[in-house]
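Residue numbers (the numbering used here), protein chains in the order written: chain L, 7 to 289; chain R, 2 to 284; chain V, 35 to 403. Scroll down for the structure; my scribbles are underneath it.
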Amino acid sequence: MIPTIPQPAAIRWSYRAYVTLFFLYLALPLVTVSVFAFNDSLFPALPWEGFTWDWFFGDERPKRGLFHERSILRAIGTSATVAVAVGLLSVGVGLCNAFLFDRREFRLKGLLYVLMLLPLVIPGIILGISILVFSSTVANGVEDRLGYDLELLRPGLALVVLGQFSFITTIATLVILARLRHFDRSLEEAAMGLGAGRLTAIRTVTLPYLAPALVGSAVVAFLMSFENFNTTLMLVGSDAPLTIEMFDRMKEGSTPVLNAVSLLLMVGSSALALVMILVQRRR
Amino acid sequence: MSARLSLWLLMLPVLLWLGLLIILPHIDMFFVSLRTRVGVGEYEYGLANYAAFFTEPLYLRTFARTAIMSVLATALTLVIAFPVAYFIAKVARGRWQGVLFLFCLVPFWVSELVRTFGWMILLRETGVFSSVLQWAGLADGPVEMLYNDAAMMVGLVYTSMLFMVVPLVTTLQSLDDSLVEAGYDLGGNGFTVFREIILPHAVPGIVSGSIVVFMLSLGNYLTPTMLGGKDSLWFTEMIYSQFIVRFNWELGAAFGFLLLALSSFIVWAALKLSGQTLEKTLG
Amino acid sequence: MTESPVTPPDLECRDIVRDFGDTRAVDHVSFDVPPGSFFSILGPSGCGKTTLMRMIAGFQPPSAGDILIKGRSVLDVPPNRRPVNMVFQHLALFPMMSVAENIGYGLRRQGLGRSERDEKITAVLDRIGLPGTGDRRIDQLSGGQKQRIAIARCMVMEPDVLLLDEPLGALDLKLREHMKVELKALQAAFDTTFVYITHDQGEALVMSDRIAVMNAGRFEQIGTGPELYHAPATGFVAGFVGDSNRWTATVETRAGDGGTIRTAEGLTCSVASLPDAPGGQVTAFLRPESISLGDTGASGDGRNRFDATVDTVYFNGANSHLRLTVDGTAAQLDAALPQTGAFQSVRAGDRIAVSWGADKLVCFPDAGN
Chain L
7 MIPTIPQPAA IRWSYRAYVT LFFLYLALPL VTVSVFAFND SLFPALPWEG
57 FTWDWFFGDE RPKRGLFHER SILRAIGTSA TVAVAVGLLS VGVGLCNAFL
107 FDRREFRLKG LLYVLMLLPL VIPGIILGIS ILVFSSTVAN GVEDRLGYDL
157 ELLRPGLALV VLGQFSFITT IATLVILARL RHFDRSLEEA AMGLGAGRLT
207 AIRTVTLPYL APALVGSAVV AFLMSFENFN TTLMLVGSDA PLTIEMFDRM
257 KEGSTPVLNA VSLLLMVGSS ALALVMILVQ RRR
Chain R
2 MSARLSLWLL MLPVLLWLGL LIILPHIDMF FVSLRTRVGV GEYEYGLANY
52 AAFFTEPLYL RTFARTAIMS VLATALTLVI AFPVAYFIAK VARGRWQGVL
102 FLFCLVPFWV SELVRTFGWM ILLRETGVFS SVLQWAGLAD GPVEMLYNDA
152 AMMVGLVYTS MLFMVVPLVT TLQSLDDSLV EAGYDLGGNG FTVFREIILP
202 HAVPGIVSGS IVVFMLSLGN YLTPTMLGGK DSLWFTEMIY SQFIVRFNWE
252 LGAAFGFLLL ALSSFIVWAA LKLSGQTLEK TLG
Chain V
35 MTESPVTPPD LECRDIVRDF GDTRAVDHVS FDVPPGSFFS ILGPSGCGKT
85 TLMRMIAGFQ PPSAGDILIK GRSVLDVPPN RRPVNMVFQH LALFPMMSVA
135 ENIGYGLRRQ GLGRSERDEK ITAVLDRIGL PGTGDRRIDQ LSGGQKQRIA
185 IARCMVMEPD VLLLDEPLGA LDLKLREHMK VELKALQAAF DTTFVYITHD
235 QGEALVMSDR IAVMNAGRFE QIGTGPELYH APATGFVAGF VGDSNRWTAT
285 VETRAGDGGT IRTAEGLTCS VASLPDAPGG QVTAFLRPES ISLGDTGASG
335 DGRNRFDATV DTVYFNGANS HLRLTVDGTA AQLDAALPQT GAFQSVRAGD
385 RIAVSWGADK LVCFPDAGN
């Protein structure tokens, strides 16, 4: 059970074999997707027709690589815009929430905290439709009364941002709150004792302490937004973010350009995750 | 700045967020679910949509199927993940511990779309497994392994694995080795130590992992759509088709509410049965 | 170290060795513990005492040697079937179980029925002075109560040997003093063999029938508390057990067993017994309470006599002492300051006569310890 308890070798080895098998299961689909990004064939399937970079850099049909596929490049741009917006919004609100829940006492605080956690246990698709329904109700109401069509509240990128923000904020709040709870408040008091005002003390002492959590939650928010599918699916308008674009192509059956996009996504998010780990380790 | 004013300012973001994006949309969705369209812009209020759900066997069957399959996926994920989490937390030593844990996280940094795509390439008729089986002489022709419940289950378990492994590793790491040793020292064996010491200690991790995995499975749209069979519907697919394809928002909203009720009930029951709270489990 | 040939010792270790890679944690250790006695292994952290104890409990196999319990080798008996139980350093009480469930855990493993278990649990709770606490949760107990529950959990198993791995380490000073006395009383009440490891000489001296002093994987000496204190076998024991003034010195003259030494600080003293010391280098130890203050008799009786100046008075009730410098040398001394009338008025800067018998100065060859 633990290394200090003697165990028969057969049990030890079959346990290790099981764990190895598990990691193979984890790696298999990802490795497969990556490998076929380099297959010189029109389908991401065996047989292996030889190695090629065409699915990245090819510029002619039928082997047009992702860097020459307008729709994919545009989708990446759309996703990045949405993700940056969601990241900024959720970290900002998350920071306020962290201070509110850590520093302040007020009536019904416990209830508000539970409410704040709820978005994590509401299925993403339901978050999507409820926001879709509500925003339409508001937009219709405005149109009926004022005769003005609020474009912003019709399916589109603004709603996508709001939909993703609605649950990613909970995660940002929890990450920042966890670090703030470990903050020694006497440091802030010491700064005020040395002549700083309350806001200056927070800006010069507390926020630098929170920086790793802020960076971390921003990266997590960015990645979660970039990869979100369920909520986005219900709220998307004519501009498709990358996941929606890939979904449409997957349904049709695509060339290995989809594998190339997938590999690019993997490399991108791993790099971002790695940067985050390095930033947090240095502190 | 008075304490009262600053409290309100600090509370404003969280109130706007939860009020406008969570609470009001769900109330509005509930109202929409209670009405039926009788003409252009004319509605009748009543339980007609819910009545439709309970009288149409297809709806009921899909609902029950989704619930049962999600519970099954959760149980399967737990059973597969527990030994791995235990290995990482208690058996692996030094560097290995961190490396294996990081390996578990990798699939999380990759979009669900990419993971699903990987399984499609592996399992479909022209896929890798099929080709390998033919090449090895174990099959005469192409084998279709996609579009059935087993394939969907593989995808669901794969997608949720991380959300089970991480909380399990965290709780198991907090189990002091000497408790296991004391269990043996007092005459316990592998089985009794597991049942009486390791398992009770792991309950918080098991509950939070199971809740998250269950939610993710229940609310999953991509995996059942891409990997599941044509006649094995998932309830989220019905919501999607009511909203986007049939444009029957009233029925779709009722479906959404039923799914929300089901997931809330199961989360609540899991918390009650294990004596945990939402705050402890998520926060 | 003599035992009757009829009853074998409860625990016997023969030439135990344990290697971790290149480092030898336990180096040819042999000892035996007669039934019903309190045996302590005393040593600084990292000396190998925890490794030794875990080998006895069965959580580590020795690299060489044999462990016998009641005369039977237990090397191939797994920890869950060894007739020894262990009180862990942090007690390892199961937090998910009540007090009664903790105590009943091992009994259930033995397959005892419910009524029998309850009987034993009630009896042992009475015995440790915590009757009626069976339904409490572990986190509702105080430190001392946890301690007693951890011992009770092992004692209901009626082990041949109870191992205790520094269980008092986590307690605060006052409670620790109290628990020392209580542990000794519990051991007498249960009449079970206790093997206790600690780095705290006070714990070992107060509680033990016999003590083994361990250093760098080896046993330096096994003996009763007074033996270790008054007749240390090695320099390490002399330095580790009790407080001492310690000097490095050179042998000046030899006469019979004894002779004179001169310390590096310039103090020349006569010594009743000098060891063989290659190069004439020795380490000398002198207990603070062996130093007599004031004029205590005529010269010529073989005592070492010096005039000294008081540097500092450290008042600590019954444990008060003086820091002195011997006149004409750089040698500093710590001397016990009895709180009797004569010396209550001693102040820093006072001149005072000091003396000690030649037999009180204990010397060991300077092995670079």
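Think of the CB as a built atom: it goes at the ideal place given N, C-alpha and C, for glycine as much as any other residue.
Can you tell me whether residue i is helix, strand or coil according to DSSP?
| i | result |
| --- | --- |
| V:F128 | coil |
| V:Q378 | coil |
| L:N4 | For chain L, the structure presents residues 7 to 289; residue 4 of chain L sits outside this window and is missing. |
| V:N350 | strand |
| L:I131 | helix |
| L:L156 | coil |
| L:V25 | helix |
| R:A137 | coil |
| V:D206 | coil |
| L:I11 | coil |
| L:K69 | strand |
| R:V144 | coil |
| V:P43 | coil |
| L:D190 | coil |
| L:S244 | coil |
| V:G314 | helix |
| R:I207 | helix |
| V:D169 | coil |
| V:I295 | strand |
| R:D150 | helix |
| R:L13 | helix |
| R:G40 | strand |
| R:F195 | helix |
Run the CB neighbour count on residue i, radius 10 Å, all protein chains shown included, and call it buried at 16 or more, exposed below.
| i | result |
| --- | --- |
| L:K115 | exposed |
| V:T36 | For V:T36, the predicted structure reports a pLDDT of 49, less than 50, and the residue's modelled location is therefore unreliable. A value from the coordinates is still provided. Classification for V:T36: exposed. |
| L:Y24 | exposed |
| R:S264 | buried |
| L:A15 | exposed |
| V:D44 | buried |
| L:E157 | exposed |
| V:W390 | buried |
| R:W18 | buried |
| V:N279 | buried |
| V:L154 | A small fix is needed here, since residue 154 of chain V is Lys in this sequence, not Leu. The residue in question, V:K154, is buried, as its Cβ has 16 or more Cβ neighbours within 10 Å. |
| L:L27 | exposed |
| V:I41 | It should be noted that the sequence gives Thr, not Ile, for residue 41 of chain V. V:T41 comes out exposed. |
| V:R244 | buried |
I'd like the list of long-range same chain contacts for residue i, defined as Cβ closer than 6 Å, with 5 residues on each side in sequence excluded.
| i | result |
| --- | --- |
| V:H233 | P78, S79 |
| V:V133 | T167, G168, R170, I183 |
| V:I172 | L127, P129 |
| V:K218 | M241 |
| L:G56 | D46 |
What span of residues does the beta strand (DSSP E) with residue i cover, start to end?
| i | result |
| --- | --- |
| V:W390 | 385 to 390 |
| V:E286 | 279 to 289 |
| R:Y1 | Look at the range of chain R in this structure, 2 to 284, and you will see that residue 1 of chain R is not part of it. |
| L:F105 | L:F105 -> not in any beta strand (DSSP E); alpha helix (DSSP H) instead, spanning 76 to 109. |
| V:P399 | 396 to 399 |
| V:L356 | 355 to 360 |
| V:Q366 | 366 to 370 |
Kindly list the residues whose CB is nearer than 7 Å to the CB of residue i, restricted to its own chain and excluding five residues on each side of it in sequence; keep chain order.
| i | result |
| --- | --- |
| V:P112 | G92 |
| R:I267 | F215 |
Grab me the residues of residue i's own chain with a C-beta within less than 8 Å of its C-beta, minus the 5 sequence neighbours each way, in chain order.
| i | result |
| --- | --- |
| R:Y222 | W235, T237, E238, Y241 |
| L:I250 | A81, F235, T238, L239, V242 |
In the segment 47 to 110 of chain V, which residue ranges form an unbroken alpha helix (DSSP H) of at least 4 residues, counting only runs that do not cross its ends?
Runs found: 83 to 91.
Of all the beta strand (DSSP E) runs that stay within the bounds of the segment 171 to 230 of chain V, which reach a length of 3 or more residues?
For the segment 171 to 230 of chain V, the full-length beta strand (DSSP E) segments reaching 3 residues or more read 195 to 199 along the chain.
Quick check for students: name the residue ranges of the alpha helix (DSSP H) that lie wholly in the segment 240 to 284 of chain V, counting only runs of 4 or more.
Segments of the alpha helix (DSSP H) lying fully in the segment 240 to 284 of chain V: 259 to 264, 269 to 274.
Whole alpha helix (DSSP H) elements within the segment 76 to 120 of chain R, 4-residue minimum:
Runs of the alpha helix (DSSP H) inside the segment 76 to 120 of chain R: 96 to 106.
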